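Written out below as structure tokens is the structure these notes cover.
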Amino acid sequence: MPIAAVDLLYRALYGGILSRLPEPTAIALGQAGLRLLPLDRLGALRWRDPRLAVTLGGIRLANPLILSSMYYDVTILRRAMGLGFGAVTTKSITRAPRPGHPEPNLVRRWSADGPGLVNCNGFKNPGLDAYRAALSGLPHRAPLIVALAGESIDDYVTLVEGLAPFGDLVEVNISSPNTALVYEWSRKPAELRALFRRVRAATVKALVVKLSPDFADANEDAIIPAALDAGVTIVNYGNTRRIADSRLSQGAGGLSGPELFPATLENLRRTRAKFGESLEIIATGGVDSPDKALALIRAGAVACAYFTGFVTRGPGLARVILERLSRELDRIGGASLDALRRNRDQV
Ligand SMILES: Cc1cc2nc3c(=O)[nH]c(=O)nc-3n(C[C@H](O)[C@H](O)[C@H](O)COP(=O)(O)O)c2cc1C
Numbered sequence: 005m006p007i008a009a010v011d012l013l014y015r016a017l018y019g020g021i022l023s024r025l026p027e028p029t030a031i032a033l034g035q036a037g038l039r040l041l042p043l044d045r046l047g048a049l050r051w052r053d054p055r056l057a058v059t060l061g062g063i064r065l066a067n068p069l070i071l072s073s074m075y076y077d078v079t080i081l082r083r084a085m086g087l088g089f090g091a092v093t094t095k096s097i098t099r100a101p102r103p104g105h106p107e108p109n110l111v112r113r114w115s116a117d118g119p120g121l122v123n124c125n126g127f128k129n130p131g132l133d134a135y136r137a138a139l140s141g142l143p144h145r146a147p148l149i150v151a152l153a154g155e156s157i158d159d160y161v162t163l164v165e166g167l168a169p170f171g172d173l174v175e176v177n178i179s180s181p182n183t184a185l186v187y188e189w190s191r192k193p194a195e196l197r198a199l200f201r202r203v204r205a206a207t208v209k210a211l212v213v214k215l216s217p218d219f220a221d222a223n224e225d226a227i228i229p230a231a232l233d234a235g236v237t238i239v240n241y242g243n244t245r246r247i248a249d250s251r252l253s254q255g256a257g258g259l260s261g262p263e264l265f266p267a268t269l270e271n272l273r274r275t276r277a278k279f280g281e282s283l284e285i286i287a288t289g290g291v292d293s294p295d296k297a298l299a300l301i302r303a304g305a306v307a308c309a310y311f312t313g314f315v316t317r318g319p320g321l322a323r324v325i326l327e328r329l330s331r332e333l334d335r336i337g338g339a340s341l342d343a344l345r346r347n348r349d350q351v
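Following the numbering used here, the numbering of the sequence shown begins with 5 at its first residue and continues without gaps.
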């Protein structure tokens with residue numbers, strides 16, 4: 005089936021059915037579909053072009069698209085690895101299992117820019133020990149980024165030591181707005197110095213720090229410099245944005261989707277200008293079209309990640325974006341994505 009048909013079909017499915025169902029039902033259906041349907045065997049969803057390969061923390065990704073942190077189910081992660089992404093991220097795993105916050109913990113939010121989500125998921129996950137067992141059976145058809153979140157420095161060290169052997173890169177989440185303790189890390193730059201030193205010493209794998217879009221000053225004045233000092237040279241900018249939403253059980257949650265995109269681009273541009281090539285940046289937040297991904301690559305992102313776009317635009321989005329990147333390289337005669345970055349002022 006050609007990709008345009010897959011894309012149209014999903015738009016009809018999302019617009020006509022999924023987006024009209026209560027969010028928990030739609031999510032349950034979507035996840036069941038991902039688990040049951042062998043979408044990863046559909047060649048139409050993948051796009052190969054060696055010019056799109058990038059290196060992140062020394063790891064080669066076949067392309068710069070990353071499935072952002074949300075799923076912990078390894079069947080879904082295994083399928084996602086065959087859906088055209090350059091890398092796939094796990095949910096942030098905590099030391100002990102967590103039931104997550106009670107429902108409603110995920111609602112839709114419509115804006116002029118398109119459909120987004122607000123969640124107060126609260127890190128529902130099986131905990132470190134159970135997850136180590138689950139990951140041990142997951143083949144890496146694409147690189148795996150293992151993500152984790154702690155409440156103390158010791159938590160983070162234990163999680164990094166426990167999960168790093170199962171991942172190609174390790175993402176340290178200090179920015180989810182749904183549990184006060186994790187979110188508060190972005191307000192404690194001094195303690196973060198110690199945190200970064202300790203996690204850096206805990207693994208030889210490439211480390212990524214996931215930042216909040218809510219704390220640009222702290223991120224750029226204190227947190228990124230502290231990460232670089234400790235030898236942590238990749239940031240994922242960023243997580244969801246905390247907003248009040250009375251529909252959620254916690255009265256507030258993390259906004260994701262297209263409303264984030266202007267901040268994602270702005271944060272990337274500023275950070276790239278301040279830190280230059282010393283920092284590798286994964287740009288995340290609101291990517292749901294080829295134009296947006298292209299804008300982020302041009303602005304200097306090594307990779308860009310998305311989750312909400314996967315839900316609202318479907319599994320065909322990766323290929324649609326990648327084909328567009330290839331066409332841009334054809335147009336300028338570029339041999340790699342670096343050519344798009346060099347040409348950013350001419351387009
Ligand atoms: C339901 C849900 C759960 C999420 N869980 C996590 C998580 O466990 N860890 C994390 O770092 N980010 C988590 N995120 C944030 C996404 O990974 C991503 O950073 C954010 O949604 C912005 O990207 P997007 O606009 O493409 O969705 C979650 C997002 C959603 C919507």
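No residue lacks a Cβ here, since even glycine has one placed at the ideal position from N, Cα and C.
These numbers come from a predicted model, not from an experiment.
- DSSP, read as helix, strand or coil, puts Ser282 in helix.
- Distance from Pro106 to Ser253 at the Cβ level is roughly 5 Å; contact confirmed, criterion being Cβ atoms closer than 8 Å.
- Separation of Gly104 and Ala153 (C-alpha to C-alpha, rounded to the nearest whole angstrom) is 13 Å.
- Note that the C-beta distance between Val306 and Glu284 is below 9 Å.
- Here Asn109 carries a coil assignment [DSSP, helix/strand/coil].
- The count of Cβ pairs closer than 8 Å, one atom from the segment 139-151 and one from the segment 259-275, stays below three, leaving the stretches out of contact.
- Remark: the shortest separation between the CB of Tyr18 and any heavy atom of ligand 1 does not fall under 8 Å.
- Judged by DSSP in its simplified three-state form, Trp189 adopts helix.
- Taking 3 residues as the minimum length, the beta strand (DSSP E) runs contained wholly in the segment 77-157 are 91-97, 110-115, 118-123 and 148-152, in order along the chain.
- With respect to the 9 Å criterion, Leu87 and Pro319 are classified as neighbours on the basis of their beta carbons.
- Leaving aside the five residues that flank Val78 on each side, the residues in its chain whose CB is nearer than 6 Å to its CB run, in chain order, Ala138 and Leu142.
- With contacts defined by Cβ atoms closer than 9 Å, Met74 and Phe265 do not form a contacting pair.
- By the Cβ criterion, the segment 211-229 is in contact with the segment 237-244, since at least three pairs of Cβ atoms, one from each stretch, lie closer than 8 Å.
- Going by C-alpha positions, Ala194 is about 32 Å away from Ala134.
- For the pair Ser293 and Arg317, the CB atoms are nearer than the 9 Å cut-off.
- DSSP, reduced to helix, strand and coil, places Gly318 outside both helices and strands of the structure shown, so it counts as coil.
- Under the three-state reduction of DSSP, Ala305 is assigned to coil, being neither helix nor strand.
- Annotation for Leu110 indicates a beta carbon within 8 Å of some heavy atom of ligand 1.
- Looking at Ala48, Pro42 and Leu22, the one whose alpha-carbon comes closest to that of Asp11 is Ala48.
- Distances taken from the Cβ of Ser293 to the heavy atoms of ligand 1 include none shorter than 8 Å.
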